[in-house]
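Have a look at the structure below before the remarks.
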Amino acid sequence: MKRFIKNFLFGISLLLIPTLLLAQEYKYESVPGDPLNARIYTLSNGLKVYMSVVKDEPRIQTFIPVRVGSKNDPKETTGLAHYFEHMMFKGTPEFGTMDWEKEKVLIEKIESLFEVYRVETDPEKRSAIYHVIDSISFEASKLAIPNEYDKLMATIGSTGTNAGTSNDYTVYIENIPNNQLENWALIQSKRFSQNVLRLFHTELETVYEEKNMSLTNDGRKASELMMKGLYPNHPYGQQTTLGEAEHLKNPSMKNIREFFAQYYVPNNFAVVLAGDFNPDEAIKIVDKYFGVLKPVELPEFKFKPEEPITTPVVLETTGLEAENVSIGFRFNGANSADKDMLDLVSSILFNRKAGLVDLNINKKQLTLGCAAFGRSMVDYSMLQLSGRNKKGQSLDEVKDLLLQQVELLKKGDFPDWMLEAAINNQKLSMMNMLESGRGRASMMYMAYLNRINWADAVSSISRLEKITKDQIVKFANEKLGNNYVVVYKRQGKPEDVAKVAKPAITPVHINRDVESGFLKKIKNTTVKPIEPVFVDYKKDITKFNLNKEVEVLYNKNNTNGTFRMVYHFPFGRLSDPALAHAADYIQLLGTSKLTADQVSQEFYKLACTFNVSVSDEEIQINLYGLSENAEKAMSLMESLLNDSKPDAEALKSYVANQLKARNDSKKNQSTVFRALVSYATYGAENPFNYILSEEQLKALTPEVLTQKVKALSTYPHTVLYYGTANQSDLKKMLTTYHKLPKKFNATPLNKKFVELDTPKDRVVFGHYEAKQSYLQTISKSVPYSFELYPIVSVYNDYFGGGMNAIVFQELREKRGLAYTARARFNTPSKPDRVFVNTSYIATQNDKIVDAFNAFNELFNDMPEVELGFNLSKESAISDIRTNRTEKMDLLWSYVNAKEMGWNTDIRKVMFEKIPTFTLSDVKKFQEQYVKGKPKTYVILGKEADMDFGKLEQLYGPVTKLTLEEIFGY
Numbered sequence: 017m018k019r020f021i022k023n024f025l026f027g028i029s030l031l032l033i034p035t036l037l038l039a040q041e042y043k044y045e046s047v048p049g050d051p052l053n054a055r056i057y058t059l060s061n062g063l064k065v066y067m068s069v070v071k072d073e074p075r076i077q078t079f080i081p082v083r084v085g086s087k088n089d090p091k092e093t094t095g096l097a098h099y100f101e102h103m104m105f106k107g108t109p110e111f112g113t114m115d116w117e118k119e120k121v122l123i124e125k126i127e128s129l130f131e132v133y134r135v136e137t138d139p140e141k142r143s144a145i146y147h148v149i150d151s152i153s154f155e156a157s158k159l160a161i162p163n164e165y166d167k168l169m170a171t172i173g174s175t176g177t178n179a180g181t182s183n184d185y186t187v188y189i190e191n192i193p194n195n196q197l198e199n200w201a202l203i204q205s206k207r208f209s210q211n212v213l214r215l216f217h218t219e220l221e222t223v224y225e226e227k228n229m230s231l232t233n234d235g236r237k238a239s240e241l242m243m244k245g246l247y248p249n250h251p252y253g254q255q256t257t258l259g260e261a262e263h264l265k266n267p268s269m270k271n272i273r274e275f276f277a278q279y280y281v282p283n284n285f286a287v288v289l290a291g292d293f294n295p296d297e298a299i300k301i302v303d304k305y306f307g308v309l310k311p312v313e314l315p316e317f318k319f320k321p322e323e324p325i326t327t328p329v330v331l332e333t334t335g336l337e338a339e340n341v342s343i344g345f346r347f348n349g350a351n352s353a354d355k356d357m358l359d360l361v362s363s364i365l366f367n368r369k370a371g372l373v374d375l376n377i378n379k380k381q382l383t384l385g386c387a388a389f390g391r392s393m394v395d396y397s398m399l400q401l402s403g404r405n406k407k408g409q410s411l412d413e414v415k416d417l418l419l420q421q422v423e424l425l426k427k428g429d430f431p432d433w434m435l436e437a438a439i440n441n442q443k444l445s446m447m448n449m450l451e452s453g454r455g456r457a458s459m460m461y462m463a464y465l466n467r468i469n470w471a472d473a474v475s476s477i478s479r480l481e482k483i484t485k486d487q488i489v490k491f492a493n494e495k496l497g498n499n500y501v502v503v504y505k506r507q508g509k510p511e512d513v514a515k516v517a518k519p520a521i522t523p524v525h526i527n528r529d530v531e532s533g534f535l536k537k538i539k540n541t542t543v544k545p546i547e548p549v550f551v552d553y554k555k556d557i558t559k560f561n562l563n564k565e566v567e568v569l570y571n572k573n574n575t576n577g578t579f580r581m582v583y584h585f586p587f588g589r590l591s592d593p594a595l596a597h598a599a600d601y602i603q604l605l606g607t608s609k610l611t612a613d614q615v616s617q618e619f620y621k622l623a624c625t626f627n628v629s630v631s632d633e634e635i636q637i638n639l640y641g642l643s644e645n646a647e648k649a650m651s652l653m654e655s656l657l658n659d660s661k662p663d664a665e666a667l668k669s670y671v672a673n674q675l676k677a678r679n680d681s682k683k684n685q686s687t688v689f690r691a692l693v694s695y696a697t698y699g700a701e702n703p704f705n706y707i708l709s710e711e712q713l714k715a716l717t718p719e720v721l722t723q724k725v726k727a728l729s730t731y732p733h734t735v736l737y738y739g740t741a742n743q744s745d746l747k748k749m750l751t752t753y754h755k756l757p758k759k760f761n762a763t764p765l766n767k768k769f770v771e772l773d774t775p776k777d778r779v780v781f782g783h784y785e786a787k788q789s790y791l792q793t794i795s796k797s798v799p800y801s802f803e804l805y806p807i808v809s810v811y812n813d814y815f816g817g818g819m820n821a822i823v824f825q826e827l828r829e830k831r832g833l834a835y836t837a838r839a840r841f842n843t844p845s846k847p848d849r850v851f852v853n854t855s856y857i858a859t860q861n862d863k864i865v866d867a868f869n870a871f872n873e874l875f876n877d878m879p880e881v882e883l884g885f886n887l888s889k890e891s892a893i894s895d896i897r898t899n900r901t902e903k904m905d906l907l908w909s910y911v912n913a914k915e916m917g918w919n920t921d922i923r924k925v926m927f928e929k930i931p932t933f934t935l936s937d938v939k940k941f942q943e944q945y946v947k948g949k950p951k952t953y954v955i956l957g958k959e960a961d962m963d964f965g966k967l968e969q970l971y972g973p974v975t976k977l978t979l980e981e982i983f984g985y
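Structural data, given as structure tokens:
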């Protein structure tokens, strides 16, 4: 590779010994040659602080990773780590409460009652105890301020508020403006030292809902079964993250408090910051607020080592979705020598281009699709191979094909260049990750969680370069034998697993119009404002024309050695349904000079990726990779587009697999719901089912499909380029390889589907055999109006957007109806479209009426909360102030503005208009465009559980649709 790539990461190999540098009084660890230029501080209480500066925008990506996960759950209360993650959003004695001293007494009573409830076995006594818990909880809710943590985050302009729990860890996520670091640190230090388990039993309802969702998720069931087979002794296999249903029904607030006190301590979590900030100032702030936290002695995590697997372990599960098979091999943990070898082994097997699985199975279409990937955890890791069967093919045949690739690996039957190519692609992935604050922060927090020394983390590629083919082959023969677990996911009636029954609860009181003194203090903090930066489409976009029909949008990449190039066409599948198949088919072909396998191999060698993406209304031909190989990659791409060699057998297999995939899609709950919503929105003929019939699909010829791709360059299009080439070199490259006709064809028109008018309420129902129903309401509104965009944005944030919105508070926090609930007044994607008001919730079959009624109450009588409205406005303005439109996003912003007919960055319009709105304006908007409007109520659920008479009485006539009607085949 050229000097740029060599210098990118490999100065690290010159000196991997961390150095201790002095930044004022704070010492930090760093590694010479580290591309992140990271600093790792260790405070006196054991807290690790990771920092990396990247100045793309005035924001900081933050993670607080905690070294505790589901493997640490007490055996009698599994799911505790995940449940506590939810409770970390409930506040402290200082925020989230109106009167902590009074609230504390009630919460202590609730905790004591749960200890009695969890050991009581008599159903009547349990019901009586829970009734008391519910009654006291209602009284306690009068003193609570729900979602005040989210209000705090909105106040400081944080976005991406989230958290996640896994086997080994829990992580808390915020992306903040860089002028709010001190407020963030203050809030988080309180949160991580003084958690309160308030609104406990309604959050328990949400966890029940999440657990019930998992019971109908075939992928999750198969994954849990694989873990059980690979780790029969370790909690990885014996405890699921969501926990056992029986344990969830018998929670212990006492255990949760003890769990927090034991694990949420400074010597067991880290503060990770990546973005635009001064590390010398940032460490002072972190120490000021987190340095006072007290460390504790951590319990040693002990587990019985797994015995070697000597013969294949065969497991099965059954579900409604399509069949698949998975094979798993067990390895040592993330901080072992196995990790590097596993990275290379998984890349040689599967890399989406030229791996053994890619070429020998997927390219030949021997199955419906196969993959292989490694997963590293602290105590153990795994290699998993998986595949879906074609029509008439058994899962055993798929399994055998996968194992054959493993045998080829063990024999060393793969090209010698594969290792170098795999490493070059790893370099590309690393560059891509380091472009953003989030990528950098992710790398740092995962190193912390996996107990990987930072010098080892940043030198991974230099270590991979030293691994030889012989070592790979030796490792594969040692590790990959008959020591695997195979999981067959059969299609059929699921095993009868009872859902987690939810006891009756009283909707809690929601104090929307009050705020704690702590929140007021944060609001009154003065910070230096960040001035927004808007795009000037006349000055900021570099444009030139290849000819009058092809415009090039150019932006120089000064960050790293990668490039992205897109040919963008303003028509898609709705202009010709065969285009999607042509795009798929081209990936299976070679050229007059190269076989299909050789094309894939060449792209992988170049560390470049090519694909043709066809959506409903546009086509993108994408090329991405290492800048130094851009010209070779472009030449290869153009040769495939214009000189692809038709292959009749490849098309025959492709068509057969497409028909099988169509049949499989009818078994997937999410896919069926999308199809049902499209039918309900547009009618029997709609964008979802606007596809080729089986007869039309079978009638396709190789020549027709290849010609469709070849003809794309004869239509007007736009080229978007973000890379290291200068403008003149790019123009020369395009002129050389991207051949254009003298005369262009007219741009094809996309078929236009018009949303159905809804003069009165109606219900559209589809059957799916599940314990949980998917629900949506649809209400067609007014035509596109640029003037409505600002008020729509404010309404969406206030009413149906995030965790601080009215919908989330009412349906999740107050009533515990769902894990996810949202509503949105959708803006048109094109100027000739209309606004559409929608709502969505997934809930238990017996809660459908409750959910729809709750939405209707809100739609027809929107709560007016001045505090919440002001927060929504402030958050929106902060977001505009601190977000930057750069790199490839700058070019796409121009494309979108041009399509919509905008001459100005719409963010500038929003910034000027949003501060002028009052809550009264939002109320008027809601009353004019939302309140009382007829709706289509869409339900995908189990027909036997439906009360159609009641549904018709409440929501209008019911139309029941079959799968054939929904899908059109």
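Numbering (this note's numbering), first residue to last: 17 to 985.
Glycine residues also receive a C-beta, built at the ideal position from the N, C-alpha and C atoms.
{"Item": "Check whether the region 234 to 250 and the region 142 to 149 touch, using three or more Cβ-Cβ pairs below 8 Å as the test.", "Value": "no"}
{"Item": "Assuming contact is defined by CB atoms lying nearer than 8 Å, are Gly95 and Glu164 in contact in what I supplied?", "Value": "no"}
{"Item": "May I have the straight-line CA-CA distance separating Met357 from Phe491, to the nearest angstrom?", "Value": "7 Å"}
{"Item": "By the 10 Å Cβ neighbour count, where 16 or more other Cβ atoms means buried, how is Lys758 classified, buried or exposed?", "Value": "exposed"}
{"Item": "Thr898 lies in the alpha helix (DSSP H); which residues open and close that run?", "Value": "Glu882 to Thr898"}
{"Item": "Buried or exposed for Asp921, going by 16 or more other Cβ atoms inside 10 Å?", "Value": "buried"}
{"Item": "So, under 8 Å CB-CB, Thr93 and Pro267 are touching, yes? Tell me the CB distance rounded to an integer number of Å.", "Value": "7 Å"}
{"Item": "Could you check where the alpha helix (DSSP H) with Arg678 kicks off and where it finishes?", "Value": "Ala664 to Ser681"}
{"Item": "Consult DSSP for Gln792 and reduce its assignment to one of helix, strand or coil.", "Value": "strand"}
{"Item": "Using the Cα positions of Gly173 and Lys539, report the straight-line distance between them to the nearest angstrom.", "Value": "11 Å"}
{"Item": "Just tell me which of Asp905, Ser894 and Glu915 has its CA closest to the CA of Asn927.", "Value": "Rather than Asn, the amino acid found at residue 927 in this sequence is Phe. The shortest C-alpha separation from Phe927 is found at Ser894."}
{"Item": "Between which two residues does the alpha helix (DSSP H) holding Ser60 run?", "Value": "From DSSP, Ser60 is part of no alpha helix (DSSP H); its letter is neither H nor E."}
{"Item": "Expressed to the nearest angstrom, what Euclidean distance is found between the alpha-carbon atoms of Phe534 and Val308?", "Value": "19 Å"}
{"Item": "DSSP three-state label for Gln409, please.", "Value": "coil"}
{"Item": "Quick one: Cα of Ala277 to Cα of Tyr461, how far?", "Value": "22 Å"}
{"Item": "Can you tell me where the beta strand (DSSP E) with Lys572 in it begins and where it stops?", "Value": "Val566 to Lys572"}
{"Item": "Using the Cα positions of Lys482 and Ala437, report the straight-line distance between them to the nearest angstrom.", "Value": "14 Å"}
{"Item": "Should Pro973 go down as buried or exposed, given a rule of 16 or more other Cβ atoms within 10 Å for buried?", "Value": "exposed"}
{"Item": "Could you check if Asp89 is buried or exposed, using at least 16 other CB atoms within 10 Å of its CB as the buried criterion?", "Value": "buried"}
{"Item": "Between which two residues does the alpha helix (DSSP H) containing Ala298 stretch?", "Value": "Pro295 to Phe306"}
{"Item": "So, is Leu765 buried or exposed, given that buried needs 16 or more other C-beta atoms within 10 angstroms?", "Value": "exposed"}
{"Item": "Measure the C-alpha to C-alpha separation of Lys924 and Val135 and round it to an integer number of angstroms.", "Value": "59 Å"}
{"Item": "Might you give, ordered along the chain, the residues of its own chain that have their beta carbon closer than 6 Å to the beta carbon of Met103, omitting 5 neighbours on each side?", "Value": "Leu213"}
{"Item": "Check whether the region 574 to 588 touches the region 769 to 776, taking contact to mean three or more Cβ pairs, one atom from each stretch, closer than 8 Å.", "Value": "no"}
{"Item": "Roughly how many whole angstroms lie between the Cα atoms of Val779 and Met269?", "Value": "42 Å"}
{"Item": "Whose C-alpha, out of Ile477, Lys426 and Ser458, is nearest the C-alpha of Asn493?", "Value": "Lys426"}
{"Item": "On a Cα-Cα basis, can you pick out the residue from Tyr601, Lys966 and Ser458 that is closest to Asp663?", "Value": "Tyr601"}
{"Item": "Take Val312 and list the residues in its own chain whose beta-carbon comes closer than 6 Å to its own, dropping the five residues that flank it on each side.", "Value": "Val281"}
{"Item": "For Gln743, which of helix, strand or coil comes out of DSSP?", "Value": "helix"}
{"Item": "Could you check whether the Cβ of Val865 sits closer than 7 Å to any heavy atom belonging to the ligand COA?", "Value": "This structure lacks the ligand COA, and indeed carries no ligand of any kind."}
{"Item": "Run the CB neighbour count on Phe802, radius 10 Å, all protein chains shown included, and call it buried at 16 or more, exposed below.", "Value": "exposed"}
{"Item": "In the DSSP assignment, what residue or residues form a beta bridge with Tyr737?", "Value": "Tyr570 and Met581"}
{"Item": "So, for Ser157: in the same chain, excluding its five sequence neighbours on each side, which residues have a beta-carbon less than 6 Å away from its beta-carbon?", "Value": "Val524 and His525"}
{"Item": "Taking Asn872 as the reference, give the member of Val823, Met916, Val852 and Thr859 with the closest Cα.", "Value": "Val823"}
{"Item": "Is DSSP giving Glu190 helix, strand or coil here?", "Value": "strand"}
{"Item": "Tell me Gly957's beta-bridge partners as DSSP assigns them.", "Value": "His783"}
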